[in-house]
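Working notes, structure below.
Protein chains: 2
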Amino acid sequence: MAREFLARGYDATTMEHLAAAAGMTKSSIYHHVSSKEQLLQLAVSRALDALFAVLEEPPSTQGPAVDRLQHVVRRSAEVLDAQLPYVSLLLRIRGNTPVEREALDRRREFDARLSALVQSAIDQGGIRADLDPRLVTRLLFGMVNSVAEWYRPGGSTAAAEIADAVVTLALDGLRRTSD
Amino acid sequence: MAREFLARGYDATTMEHLAAAAGMTKSSIYHHVSSKEQLLQLAVSRALDALFAVLEEPPSTQGPAVDRLQHVVRRSAEVLDAQLPYVSLLLRIRGNTPVEREALDRRREFDARLSALVQSAIDQGGIRADLDPRLVTRLLFGMVNSVAEWYRPGGSTAAAEIADAVVTLALDGLRRTSD
DNA sequence: GTCTATAAATTGATAGAC
DNA sequence: GTCTATCAATTTATAGAC
Chain A
91 MAREFLARGY DATTMEHLAA AAGMTKSSIY HHVSSKEQLL QLAVSRALDA
141 LFAVLEEPPS TQGPAVDRLQ HVVRRSAEVL DAQLPYVSLL LRIRGNTPVE
191 REALDRRREF DARLSALVQS AIDQGGIRAD LDPRLVTRLL FGMVNSVAEW
241 YRPGGSTAAA EIADAVVTLA LDGLRRTSD
Chain B
91 MAREFLARGY DATTMEHLAA AAGMTKSSIY HHVSSKEQLL QLAVSRALDA
141 LFAVLEEPPS TQGPAVDRLQ HVVRRSAEVL DAQLPYVSLL LRIRGNTPVE
191 REALDRRREF DARLSALVQS AIDQGGIRAD LDPRLVTRLL FGMVNSVAEW
241 YRPGGSTAAA EIADAVVTLA LDGLRRTSD
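Which chain is which? The protein sequence lines are A and B, in order.
Heads up: the first sequence begins at 91 in the working numbering, then just goes up one per residue.
Heads up: the second sequence begins at 91 in the working numbering, then just goes up one per residue.
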């Protein structure tokens, strides 16, 4: 279901598309859900729940902020892998309807939590202080989220490799490492 | 026009929306263009032309690959600033129609050029060699492109500051710089 | 070039049988 | 729970006057 939205985008996916993919007719779908928008609601809630859960994991709540940040970055990439269609849907929301706007509100709350984490890491001297924390947060998780644009589970690139690359690139950069 | 698409997304923007924004009626628009999809065509072509132009600028074609890469990253961020609605539209294309698929083809060609540049930088020892070049390219320009999700010209963050932050973060990373 | 219709197709959703 | 209609609204696009 969310796979159909992933392929074409929410607006371009019709109930007819969903019905064909589910092997039933349009009207049968309405026996299970009340509207197309409710499907969107369910999907983005699933994504948001998974993302917020990362913030509650012990490694995200204990220890130096840099380590916690690193853990959140890595786990966010893994959530993207495990919940790809749902997270993609969330990332593409524009706020066109009440349901979308509520999802955007929750997402902004999540982003604020990330931003606070980056700020803590700076305050503790764990990461460089010469860049705007808000900007760093956006670029860092923009990089993580961009994975949703091309990653497909089961492809040639494993989720763990991606998570490692993101963390390495974000923390140490591309510059030739010593030598 | 492309601003309307930027706000709601292409599919969710109706000819009525465009007409209201342009201060005329729906039918008047059809005096200037032949279809809604032609508007998309014009917009994404503009974005692609601007991006490909960056690759032809002398600093992109001369000198060490790292420097050329750095220039392309910085200029791509600037194109995003100057052509935000058009580039956003391009980035959101899913390939639902022939026009969209053609745009995706051109974009893939652009991505291949970027990937070749990253490969050169690795070959010349300008950037670390322990990460997959294809993956690095995707993450690097995923970070650049993610700026389209939140950046609005005239806001508090200047285009130059963003371009600097992207280059710094990508090349040197977040880790506390010496000391 | 812009307007008022209006056509033609698509699409989200419902009614009611089985 | 799934089906066959079918509705009602939306929306892209056209016709033709001014």
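A virtual CB, placed ideally from N, CA and C, is assigned to each residue, including glycine.
Chain A partners of D262/B, CB-CB under 7 Å?
-> Residues of chain A with a Cβ closer than 7 Å to the Cβ of D262/B are, in chain order, G263, R265.
Starting from E239/A, find everything on chain B with Cβ-Cβ shorter than 7 Å and list it in chain order.
-> Among the residues of chain B, those whose CB is under 7 Å from the CB of E239/A are G232, following chain order.
When the Cα of R184/A is compared with those of M91/B, R93/B, A97/B, which residue comes out closest?
-> Of the listed residues, the one whose Cα sits closest to R184/A is A97/B.
Please list the partners that R98/A has in chain B, where partner means a Cβ-to-Cβ separation under 7 Å.
-> Annotation: Cβ neighbours of R98/A in chain B (cutoff 7 Å, chain order): R184, N186.
Provide the residue(s) that pair with I217/A in DSSP beta bridges, ordered along the chain.
-> In the DSSP assignment, the residues bridged to I217/A are R265/B.
Answer yes if the segment 238-248 of chain B comes into contact with the segment 132-143 of chain B, meaning at least three C-beta pairs across the two stretches below 8 Å, and no otherwise.
-> The answer is no - the segment 238-248 of chain B does not touch the segment 132-143 of chain B, with fewer than three Cβ pairs under 8 Å.
Hey, is the segment 258-268 of chain A in contact with the segment 101-116 of chain B, meaning 3+ C-beta pairs nearer than 8 Å?
-> They do not touch, by the three-pair rule.
If we count Cβ pairs, one from each stretch, closer than 8 Å, do we get three or more for the segment 108-115 of chain B versus the segment 113-128 of chain A?
-> Here the segment 108-115 of chain B makes no contact with the segment 113-128 of chain A; the two share fewer than three CB pairs at distances below 8 Å.
Can you list, in chain order, the residues of its chain whose CB lies under 8 Å from that of M233/B, leaving out five sequence neighbours each side?
-> Excluding positions up to five away in sequence, the list reads V256, L259, A260.
L159/A and N235/A: beta carbons closer than 8 Å?
-> Not closer than 8 Å, so no.
Taking the CB atoms as reference points, tell me whether E127/B and V189/B lie closer together than 8 Å.
-> Yes, the Cβ-Cβ distance between E127/B and V189/B is below 8 Å.
Hey, D249/A and D171/A are a contact pair by Cβ (cut 8 Å); roughly how many whole angstroms apart?
-> Looking at the sequence itself, residue 249/A is Ala, so the reference to Asp does not match. At roughly 4 Å, the Cβ-Cβ gap stays under 8 Å, so A249/A and D171/A are in contact.
Would a C-beta distance cut-off of 8 Å place A211/A and V162/A closer than the cut-off?
-> Their beta carbons are not under 8 Å apart, which means A211/A does not touch V162/A by this criterion.
Could you have a look at D222/B and say whether DSSP puts it in helix, strand or coil?
-> The three-state secondary structure of D222/B, taken from DSSP, is coil.
Whole-Å CB distance - A238/B paired with S178/B, under 8 Å assumed = Their Cβ separation, rounded to whole angstroms, is 5 Å, which keeps A238/B and S178/B in contact under 8 Å.
Name the chain A residues whose beta carbon is nearer than 9 Å to that of G216/B?
-> Simply L264, R265, R266.
Residue environment, G215/B, which counts as buried when at least 16 other CB atoms sit within 10 Å | Exposed, because fewer than 16 other Cβ atoms sit within 10 Å of the Cβ of G215/B.
Pick from Q131/B, E94/B, V123/B that is closest to L194/B, judged by C-alpha positions | Nearest of Q131/B, E94/B, V123/B to L194/B, Cα basis: Q131/B.
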